[in-house]
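Q: Residue numbers (the UniProt record's numbering): 1 to 312. Beta carbons are placed, not taken as given, at the ideal position from N, Cα and C, and that holds for glycine. Below you'll find the structure I mean.
Here it is, written out as structure tokens:
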């Protein structure tokens, strides 16, 4: 009983004296819990949920407030006009997309028993008739076309063997490999009005790949390499000869229009792939050279330390 009365006497001052109660750790923690329970709840959005606003909620609100005016400004007339001025080519392609979306559902499909519809053939009907009446002229133009193909090949090999630049040669190897795969996968029939010639390449009416045109692709690869070397006059001359070559191939029915257009794009594509291939190879070579130099420096340092140890 005496012990209990002594404990009560020690506890009563803690309860009555606020100074002593604040210094006591247990009493202080109890008072803090009471104050937190008695604190008024914060209202957010008109609803009292008893939680304080966090930084994440503030950031989300700021993002929502910033996103809506940006989206509205994007839909404004001034923003659309600015986009058209900055990207006129993309805007033209957008218009052509809308046009051809309508054309696709209005033009009927070509029947299976009808010949292929080629706009290039229709535009060169008179040239085809003239070459059919003049076989010597057809052979002469075919010979000139073969000379132009030899010019392409000579330039590409010259850039490799003499100038030491393999990009055009690698692009040509990529191109002819892909052409062989695609031509073997889908072998298109020769047009009925095809005009063969012994001076043409490939010779005569032998079976060859129509898709895509290696003549046009090879000329484009050579032209791009000329521009890379700032031989602009030579590049423009090759472009002009490539255009005449395309007209001659359409007139003689040596290629469909899609073969020529795809050959033009293939020249661009395989030139880019060849450049990427060489870039990766150069990066690997530089990494190996840097590792070799580090190894040499390490060996030199080790040798120097050994010499110092031996001298001492």
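1. Decide if residue 64 is buried, meaning its Cβ has at least 16 other Cβ atoms within 10 Å, or exposed.
2. Assuming residue 396 contacts residue 225 (C-beta within less than 8 Å), just tell me the rounded distance between them.
3. Along the chain, where does the alpha helix (DSSP H) containing residue 152 start, and where does it finish?
4. Buried or exposed: which applies to residue 79, given that a residue is buried once 16 or more other Cβ atoms fall within 10 Å of its Cβ?
5. Should residue 237 be listed as close to the ligand SAM, given that the test is whether its C-beta is under 7 Å from any heavy atom?
6. Leaving out the 5 sequence neighbours to the left and right, which residues in its chain are closer than 6 Å to residue 249 when beta-carbon positions are compared?
7. Name the two residues that bound the continuous alpha helix (DSSP H) containing residue 215.
8. Taking the straight line between their C-alpha atoms, what separation do you get for residue 262 and residue 271?
9. Would you mind giving the Cβ-Cβ distance between residue 259 and residue 211, rounded to the nearest angstrom? I have them listed as a contact below 8 Å.
10. Rounded to whole angstroms, what's the CA-CA distance from residue 239 to residue 155? Just pull it up for me.
11. Do the CB positions of residue 197 and residue 242 come within less than 8 Å of each other?
12. Cβ atoms of residue 192 and residue 115: under 8 Å apart, would you say?
13. For residue 210, does the three-state DSSP call read helix, strand or coil?
14. To the nearest angstrom, report how far apart residue 77 and residue 88 are at their CA atoms.
15. Could you tell me the distance, in whole angstroms, from the CA atom of residue 118 to the CA atom of residue 92?
16. When the distance is taken between beta carbons, is residue 216 closer than 8 Å to residue 187?
17. CB-CB under 6 Å to residue 171, same chain, minus the five flanking residues each way: which ones, in chain order?
18. Hey, residue 130 and residue 199: beta-carbon distance below 8 Å or not?
19. Report the rounded CA-to-CA distance for residue 257 versus residue 185, giving the unit in angstroms.
20. Tell me whether residue 85 is buried or exposed, calling it buried when 16 or more other Cβ atoms sit within 10 Å of its Cβ.
21. Output yes or no for whether 8 Å exceeds the beta carbon distance between residue 251 and residue 127.
22. Is residue 232 helix, strand or coil when you go by DSSP?
23. Where does residue 276 sit, in a helix, a strand or coil, going by DSSP?
24. Pop quiz: residue 195 and residue 253 are said to be a contact at Cβ under 8 Å. What is the actual Cβ separation, rounded to whole angstroms?
25. Could you give the DSSP three-state label for residue 93: helix, strand or coil?
26. Helix, strand or coil for residue 290? Go by DSSP, reduced to three states.
27. Among 120, 223 and 83, which residue has its Cα nearest to the Cα of residue 247?
28. Hey, how far is the Cα of residue 277 from the Cα of residue 149?
29. What did DSSP end up calling residue 80 once you bin it into helix, strand or coil?
30. Quick one: grab the DSSP three-state call for residue 165.
31. If we ignore side chains and look at the alpha-carbon of each, how far apart do residue 104 and residue 98 end up?
A: The relevant details are as follows:
1. For residue 64, the pLDDT reaches just 48, beneath the cut-off of 50, and the residue's location in the model is therefore unreliable, leaving the point undetermined.
2. Beyond the ends of the chain as shown, which are 1 and 312, falls residue 396; an answer cannot be given.
3. 135 to 161
4. exposed
5. In terms of ligand content, the structure shown is empty, and the ligand SAM therefore cannot be addressed.
6. 255
7. 214 to 228
8. 14 Å
9. 5 Å
10. 14 Å
11. no
12. yes
13. coil
14. 16 Å
15. 24 Å
16. no
17. 221, 270, 271 and 274
18. no
19. 19 Å
20. exposed
21. yes
22. helix
23. helix
24. 6 Å
25. helix
26. helix
27. 120
28. 25 Å
29. helix
30. coil
31. 10 Å
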